[in-house]
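What follows is a short report on a single structure.
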Amino acid sequence: MSAAVVKKFKVQNGSHTPHSPDSEWSSSPEPPSPLGIIFALTTPIEDRAFCYFRSTFVIGNARSFRYLDAIHTYGDMDAHLSVSIRAVGLASLSKASHSPDLETQAMRSYASALKMINKAITSSDVATTDTTLSAVMLLDQFEKIIPPTERTIKAWTNHLNGATALMKMRGPKQFQTKAGLEMFIQMSSHILVSCMQHTIPLPQDYLTLRTYATNFLDTSDVSWRLSEVTVRYIGFRAAIKAGSLFDPDTIIATATEMDKEMAALMAEFPSEWLPQPVPLSKPSDLVFESHYDVYANYKLAEAFNMIRAGRIPLLDLIREQCQAASSYPGSFQAFAYLKRVHSVKASVEDIASDICASVPQLAGYPLLLEQDSSVSPAAADSTKCIKLQPGNEASAYSLLWPLFTVANSPACSESARVWISRHLCILGRLLESDYALELAGCLQRREERDVWGVYAVLGSICYSVNG
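Under full-length UniProt numbering, the sequence shown is numbered contiguously, ending at residue 467.
See the structure below:
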């Protein structure tokens, strides 16, 4: 990394001591200026990649690697970590700028980082360091941005077993620091999402390690309990795909039990966590129905939405199995299946309403709704009248997966699907997210997507115990 970038970070962090971990990672971004523009144009591409990574994954919307500000400074950064950061930064830049040349550079950095990591893990001392595990997770993130071609299920399984073996080598000491716990939680999230995305079982060593981790984590935490259901759900889906679980009634009963457990999580929330409805005095295209909800804080709204969206794949599975099983019209069993299909549709519509009701607060619409002038449909589609406040960027980003997941369901109502696709367009423009615009286009064309593949691209924000 060039001295210019290091100097720029030091200027931004003049109040920090030279050895503070915050000196490179935690500074607030400077406002745009002519000098800043010149800097961006003249900075070497690898330094721009580093800055882009930091602004996206450390202090930005995804925040997947926010712990890096606590455990690393530039002077302490090992080569395999530095090159891994460069690879992810270049990959992200290539997608943002639609640049094949940058993607080629990103692939070169990825190959270099992979070679360095393979060498690092041959030494037990180096393999168990925070830097090495961070680098491994960075390459996992890279593969979510630029997926590897022609990787078989066996290859994915070996990949996850390798990551689990690395966690196992780190031993009990990884649970003794806040950074170590955060890294375990993040690696867990990567493993859970990869297994859901590719419908493969969780490695047994990971399950053993996860059980041991409960000695150091708050297992009453909502996110941890949600991840416990997810662990069972992964095994459930893998069994269906493998053909070892095929009886419709068993599948429906198991999925129903998991859905009830997820719904029960929200039912246990204390009353002060529940949202307060704000009725509208007049209709607005910024609000789905006649009211929007206000939560005590953004984190609560995000937690509710993650549970709601997590129920959708289960409800869709129940609906699919019931429709497939009702093959004898007129029979009592067929009637029961069809009744259940209607029940699922009603549940999905309720979930859609609840997620949509959270959009105004998380996207920062209330300030606009409080204005005296009415909001016209044309204004609602314009980013000129809707602007994200700095505090709303991360919360608005958290809406993308829940909104798409519920609208992607065949059981979602047409009115909710249309409203959600419109607001994914608005959020995509506000967040400068081409992927959000792509998802909105999928909804408009009625192209169903695997929601876990979408989640993997958007980033691991759902199963972080410490939020």
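Ideal Cβ placement from N, Cα and C applies to all residues, glycine included.
| Asked | Found |
| --- | --- |
| Simplified DSSP assignment, three categories, for residue 504 | Because residue 504 is not part of the residues shown, which for the chain are 1 to 467, the question remains open. |
| V193 - containing alpha helix (DSSP H), residue span | K178 to H198 |
| Where Q276 falls: helix, strand or coil (DSSP) | strand |
| Residue nearest to D140 in terms of C-alpha spacing, selected from T122, L114 and I121 | L114 |
| Delimiting residues of the beta strand (DSSP E) encompassing D247 | Counting along the chain, D247 falls outside any beta strand (DSSP E), and DSSP gives it neither H nor E. |
| As assigned by DSSP and simplified to three states, the class of Y365 | coil |
| From L437, A411, N392 and I351, residue whose alpha carbon lies closest to that of D402 | The residue asked about is misnamed: residue 402 is Pro in this sequence, not Asp. Residue I351 is the option with its Cα nearest to P402. |
| Meets three-Cβ-pair contact criterion under 8 Å: the region 444-457 and the region 405-420 | yes |
| Nearest candidate by alpha-carbon position, reference Q321, set K339, S64, I45 and K299 | K339 |
| Outcome for S27 when other beta-carbon atoms lying within 10 angstroms are tallied against a minimum of 16 | Reliability fails at S27, whose pLDDT of 38 lies under 50, so the model's placement of it is uncertain and no value is given. |
| Run of the alpha helix (DSSP H) containing Y295, from where it starts to where it stops | Note, Y295: premise wrong, no alpha helix (DSSP H); not H, not E. |
| CA nearest to the CA of S188, picked from M169, I200 and A163 | A163 |
| Rounded C-alpha distance that separates P360 from D293 | 8 Å |
| Rounded straight-line distance, which links the Cα of R308 to that of S2 | Because S2 carries a pLDDT of 46, less than 50, the predicted location of this residue cannot be relied on, and no value is offered for it. |
| Endpoints, alpha helix (DSSP H) assigned at T208 | Q204 to A213 |
| Three-way DSSP call (helix, strand, coil) for L166 in this model | helix |
| Supposed close pair S413, I312 - CB separation, criterion 8 Å | With a Cβ gap of about 13 Å, S413 and I312 do not count as contacting. |
| Supposed close pair R142, A91 - CB separation, criterion 8 Å | It is Phe, not Arg, that sits at residue 142 in the sequence shown. Their Cβ separation, rounded to whole angstroms, is 5 Å, which keeps F142 and A91 in contact under 8 Å. |
| Collapsed DSSP secondary structure at V136 in the structure displayed | helix |
| For E448, the three-state DSSP class (helix, strand or coil) | coil |
| With 16 other Cβ atoms within 10 Å as the buried cut-off, status of residue 468 | In the structure displayed, the chain extends from 1 to 467; residue 468 sits before or after that span and is not available. |
| Euclidean distance between Cα positions of I200 and S398 | 26 Å |
| Buried or exposed (CB count within 10 angstroms, at least 16 for buried), E46 | buried |
| Sequence-distant residues of the same chain with beta carbon closer than 6 Å to residue 494, five excluded per side | Within the shown structure, residues of the chain are numbered from 1 to 467, placing residue 494 beyond reach of any answer. |
| Cβ pair count under 8 Å reaching 3, the region 48-56 against the region 78-91 | yes |
| E289 (DSSP reduced to helix, strand or coil) | coil |
| Rounded distance between the beta-carbons of M116 and C79, thought under 8 Å | Here residue 79 is Ala; the residue named in the question, Cys, does not match the sequence. Yes, they are in contact, since the Cβ atoms of A79 and M116 sit about 6 Å apart, within 8 Å. |
| Cutoff 8 Å; reference V457; Cβ partners in own chain excluding five residues on either side | K144, I145 and Y435 |
| Three-state class that DSSP yields for A301 in the structure shown | helix |
| Segment contact flag, the region 210-228 with the region 164-178, C-beta cutoff 8 Å, min 3 pairs | yes |
| The alpha helix (DSSP H) enclosing K241, as first and last residue numbers | V222 to A242 |
| Inter-residue CB distance, A363 and L427 (contact presumed, cutoff 8 Å) | 7 Å |
| Inter-residue CB distance, L315 and V348 (contact presumed, cutoff 8 Å) | 6 Å |
| Nearest candidate by alpha-carbon position, reference S166, set S194, T132 and H291 | What sits at residue 166 in the sequence shown is Leu, not Ser. Among S194, T132 and H291, the Cα nearest to that of L166 belongs to T132. |
| Under the three-state DSSP convention, the category A436 falls into | helix |
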